[in-house]
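>
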Amino acid sequence: MKYFLISLTLLLFACASFPKKNNLESISGHTPTVINPYFSDLAMDYIYKAKINFADKSFGGIFVIKKMGPEHHRVVFTTEMGNKLFDFSFIKNEFRINFIPSEMNKKILINLLKRDLFVLINENPKILNQYRKMGDSIFLETKLKNNTYFYLTADERLHKILKTKGSKDKSSYIFAEIENDHAREIKIRHKNIKLTIDLKAI
Amino acid sequence: MRNLLFLAVLIAHTSLLFSQESNMNNTEIAEFKAKINETSKATITIQSNFTQYKHLDFLSNDITTQGKMAFKAPNMVKWEYTEPFKYSIIFKDDKLLINDSGSKSNMDLGNSALFKKINQLIVNSVKGNLFQDSDFTMSYFKSPDFYKVIFVPKDEKIKSYIASFILFFDKEQADVMEVKMVEPTNDYTRIVFEDRQINKPLDNEVFSN
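As they're listed, the protein sequences go chains B and U. Per our numbering, residue 1 is the first one in the first sequence, and the count goes up by one each step. Per our numbering, residue 1 is the first one in the second sequence, and the count goes up by one each step.
#1: Would you kindly work out how many angstroms separate the C-alpha atoms of ARG96 of chain B and GLU83 of chain U, rounded to a whole number?
#2: Taking just the CA atoms, how far does SER139 of chain U sit from ASN25 of chain U?
#3: So LYS54 of chain U contacts chain B; which residues on that side make the cut at Cβ distance below 8 Å?
#4: For the putative contact between ASP145 of chain U and LYS171 of chain U, defined by C-beta atoms under 8 Å, what is the C-beta separation to the nearest angstrom?
#5: Taking CB distances under 9 Å as the criterion, tell me whether ILE98 of chain U reaches chain B.
#6: Buried or exposed: SER15 of chain U, going by 16 or more other Cβ atoms within 10 Å of its Cβ?
#7: Can you look up GLU178 of chain U in the DSSP assignment and give me helix, strand or coil?
#8: Using a Cβ-Cβ cut-off of 6 Å (strictly less than) and excluding sequence neighbours within five positions of ALA201 of chain B, which residues of its own chain qualify?
#9: In whole angstroms, what separates the C-alpha of PRO184 of chain U from that of ILE191 of chain U?
#10: Residues of chain B with a CB under 8 Å from the CB of PHE141 of chain U: which are they?
#11: My assumption, with CB atoms under 8 Å, is that PHE207 of chain U sits in contact with LYS104 of chain U. Please give the rounded CB distance.
#12: Whole angstroms is fine: what's the gap from PHE169 of chain U's alpha carbon to PHE90 of chain B's?
#13: I want to verify the contact list: residues of chain U whose CB lies under 7 Å from the CB of ILE47 of chain B, in sequence order.
#14: DSSP puts GLY61 of chain B in a beta bridge; with which residues?
#15: Output the distance between the C-alpha atoms of LEU11 of chain B and LYS126 of chain B, rounded to the nearest integer angstrom.
#16: Suppose the cutoff is 8 Å on Cβ atoms and the five residues either side in sequence are ignored; what does the same chain contact list for ARG157 of chain B look like?
#17: Take ALA43 of chain B as the anchor and find which of B:HIS190, B:ILE108 and B:ILE65 has the nearest alpha-carbon.
#18: Out of B:LYS191, B:LEU199, B:ILE52 and B:LYS67, which has the shortest C-alpha to C-alpha gap to THR164 of chain B?
#19: Under a three-way DSSP split, which group does ILE162 of chain U fall into?
#20: Compare the Cα-Cα distances from HIS159 of chain B to each of B:ASN98, B:GLU103, B:ILE188 and B:PHE118 and report the closest residue.
#21: Measuring only between beta-carbons, confirm whether PHE99 of chain B sits less than 9 Å from chain U.
#22: Measure how close the beta-carbons of TYR81 of chain U and GLY67 of chain U come, nearest whole angstrom, since I'm counting them as under 8 Å.
#23: May I ask whether a heavy atom of the ligand SAH can be found less than 8 Å away from the beta carbon of LEU117 of chain B?
#24: Would you mind giving the Cβ-Cβ distance between GLU94 of chain B and SER40 of chain B, rounded to the nearest angstrom? I have them listed as a contact below 8 Å.
#25: When the Cα atoms are used, what is the spatial distance from ARG196 of chain U to GLN47 of chain U?
#26: At a CB-CB cut-off below 8 Å, which residues of chain B make contact with MET181 of chain U?
#27: At 7 Å on the CB atoms, spell out the chain B contacts of SER48 of chain U, in chain order.
#28: Take GLY69 of chain B as the anchor and find which of B:TYR173, B:PHE63, B:LEU109 and B:ILE121 has the nearest alpha-carbon.
#29: List, in order along the chain, the chain B residues whose C-beta lies closer than 8 Å to that of PRO84 of chain U?
#30: Determine whether the beta carbon atoms of ASN199 of chain U and THR43 of chain U lie at a separation below 9 Å.
#31: Run down chain A in chain order and give the residues with a C-beta less than 9 Å from the C-beta of SER105 of chain U.
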């Protein structure tokens, strides 16, 4: 019985939400109008040199993101020599494959890329809760694909997105070298999947 | 009426200016091939700067990259991008050697069969045996400034990536001035060569990673 109670307590603790586990203080108040402004400019071509590692394979290339309209982004990845490796469209909740060569046409890879890119380009996820963290940043719990958290600095600048499962972090998206709403460096990391994406603006 | 006539003449004249490209006849094609053959036989090395324009219809501007290309007969080619990032890819003995800003690898999924084919196409056009390549349907054009050959792949798989390769040749030397790879969607990659140096000594070391 004692062990049962201990294991139940442990289970409850393990199931605790991410903010609870991290002792975050819930706050209410102002939130920025655009939470993720990094791919929000219709006039801008967002071009990055990319390194994608998946399992034991490595793809170098050029990563292109363009906002085409409200809740509409086009994401293209080409080799350095210009040949397309994928071309996706995100229109509201719809995902469209415009082009993918047969070598890349693997469901698992497409789903991983789709999930990551969706998090990356989403400008205004629905906010469920707001927390204060370490005194210097705002922390937003959002409804974007369940438990996804947006970390903002005190001046309301997004610097990290964290996707979690229960109390554990699953994936992180880090924005750095920010100049006028342009994140010149982006890193995507996963806890359990061997997929890393590194982007550097060119 | 006179104005209308003037306008008609003007339009005809303007369209003439823009349609300076015409089909080569059989004699011209034979002469052109012979010229390519002659040039390629005499070509042992090529070193050239290049500018690459990646055109995606939905972008406001083409993505421009620059670098150097080195070729050494019979079949070694190096593409070295220097701006706005450092990246090189060497085609040698059916292998691809990649150096991506210091991280080196020997094979890249994206740069496999198709790119070997593209590179083979460029190497072969330099060597002159391209025109025996049964993998493509070719059409030949001329203008006062260049010869142009359009290669349409016969293989359906290659066609799904690249609808056509267009090579522009210099009229004097029959050197490749520009390569354009057009995708089925009409997006394209244009590589323009500049400051070409022929048969300048080139060490084999250049083609190692």
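For each residue, glycine too, the CB sits at the ideal point set by N, CA and C.
Let me lay it out:
#1: 32 Å
#2: 10 Å
#3: ILE62, THR78 and GLY82
#4: 7 Å
#5: yes
#6: For SER15 of chain U, the predicted structure reports a pLDDT of 48, less than 50, and the residue's modelled location is therefore unreliable. The matter cannot be settled from this model.
#7: strand
#8: TYR48 and ARG184
#9: 18 Å
#10: Neighbours of PHE141 of chain U on chain B: none; closest Cβ ~23 Å, over 8 Å.
#11: About 14 Å separates the two Cβ atoms, so there is no contact after all.
#12: 41 Å
#13: ILE63
#14: B:ALA50
#15: Any reading at LEU11 of chain B must be qualified, since the residue scores a pLDDT of 42, below 50, and its modelled position is unreliable; the value itself is stated next. Near 29 Å, if we compare the C-alpha coordinates of LYS126 of chain B and LEU11 of chain B.
#16: ILE178
#17: B:ILE65
#18: B:LYS191
#19: coil
#20: B:ILE188
#21: yes
#22: 4 Å
#23: The ligand content of the structure shown is nil, which means the ligand SAH is not present either.
#24: Not confirmed; about 19 Å, so no contact.
#25: 6 Å
#26: GLY82 and ASN83
#27: Per Cβ cutoff of 7 Å: no residues; SER48 of chain U is ~16 Å from chain B at best.
#28: B:ILE121
#29: LYS49 and ILE202
#30: yes
#31: Any reference to chain A falls outside this structure, whose protein chains are B and U.
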